[in-house]
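Visitor: Just passing along the structure, written as structure tokens.
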Amino acid sequence: MTKYQHLSAEERAAIMIERARNTSVRAIARLLGRSASTITRELARNRTESSRCYDATSAASAYRARRERSRRQAKLATGSALYWQVHHDLVYRRWSPQQIAARLREMHPDNPEQRNLSAFLWVRRLNNALSARLHKSLSE
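The C-terminal position of the sequence shown is numbered 1620 in my numbering, with every residue numbered one higher than the one before it.
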């Protein structure tokens, strides 16, 4: 099974130039060492609606936007009220992740997103530096 690689900015620029020269999709694919279906999908996905032509700059921008949207959103977003509550309980009250999880279940019995937090994992992900500081301060 071959490993998939995303198109680079240079490859997108080559596609744009070759399409402007009316080069066929198969010829572009051979030139780039890619599958013709890869080039076809790239052209279909990033063709501008108004001019029906391919622009490498807007294609790269659209690619980055799609990648950003596809990333899983953190349940415990940095800076949110819940983040600061967990941060406060962990650092200042020196609560365990289990205590934090129990407290959140008490405080938010009707909100499954906050009630069913896996606080142990969240605290680990919250900030490794905070956890390290906490453990260091506890051992002193």
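Just so it is clear, CB atoms sit at the ideal spot from N, CA and C, and this is done for glycine as well.
Ignoring anything shorter than 4 residues, give me the alpha helix (DSSP H) runs that lie fully in the stretch 1487-1545, in order along the chain.
Guide: Listed in chain order, they are 1489-1500, 1505-1512 and 1516-1526.
Visitor: Rounded to a whole number of angstroms, what is the C-alpha to C-alpha distance between P1589 and R1547?
Guide: Indexing the sequence shown from 1 puts residue 1589 at position 109. Indexing the sequence shown from 1 puts residue 1547 at position 67. Approximately 35 angstroms, taken between the alpha carbons.
Visitor: Report, in whole angstroms, the separation of the C-beta atoms of L1511 and E1498, which I expect to be a contact under 8 angstroms.
Guide: Numbered from 1 along the sequence shown, position 31 holds the residue referred to as residue 1511. Numbered from 1 along the sequence shown, position 18 holds the residue referred to as residue 1498. Contact holds; Cβ gap of about 7 angstroms.
Visitor: Hey, how far is the Cα of H1567 from the Cα of M1587?
Guide: By 1-based counting over the sequence shown, the position of residue 1567 is 87. By 1-based counting over the sequence shown, the position of residue 1587 is 107. Rounded to whole angstroms, H1567 to M1587 spans 16 angstroms at the Cα level.
Visitor: So for Q1485, helix, strand or coil by DSSP?
Guide: Counted from its first residue, the sequence shown places residue 1485 at position 5. Coil, per DSSP.
Visitor: Does the Cβ of R1574 have 16 or more other Cβ atoms within 10 Å, making it buried, or fewer, making it exposed?
Guide: Here the question's residue 1574 lines up with position 94 in the sequence shown. R1574 should be labelled exposed.
Visitor: Any chance the stretch 1526-1545 sits against the stretch 1501-1510, with 3 or more Cβ pairs inside 8 angstroms?
Guide: No: fewer than three Cβ pairs fall under 8 angstroms.
Visitor: In angstroms with no decimal places, state the Cα-to-Cα distance between I1519 and I1495.
Guide: In the sequence shown, counting from the first residue as 1, residue 1519 sits at position 39. In the sequence shown, counting from the first residue as 1, residue 1495 sits at position 15. Rounded to the nearest angstrom, the two C-alpha atoms are 8 angstroms apart.
Visitor: Report yes or no: is there a C-beta of chain B within less than 8 angstroms of the C-beta of Y1484?
Guide: In the structure shown, chain B does not exist; there is a single protein chain.
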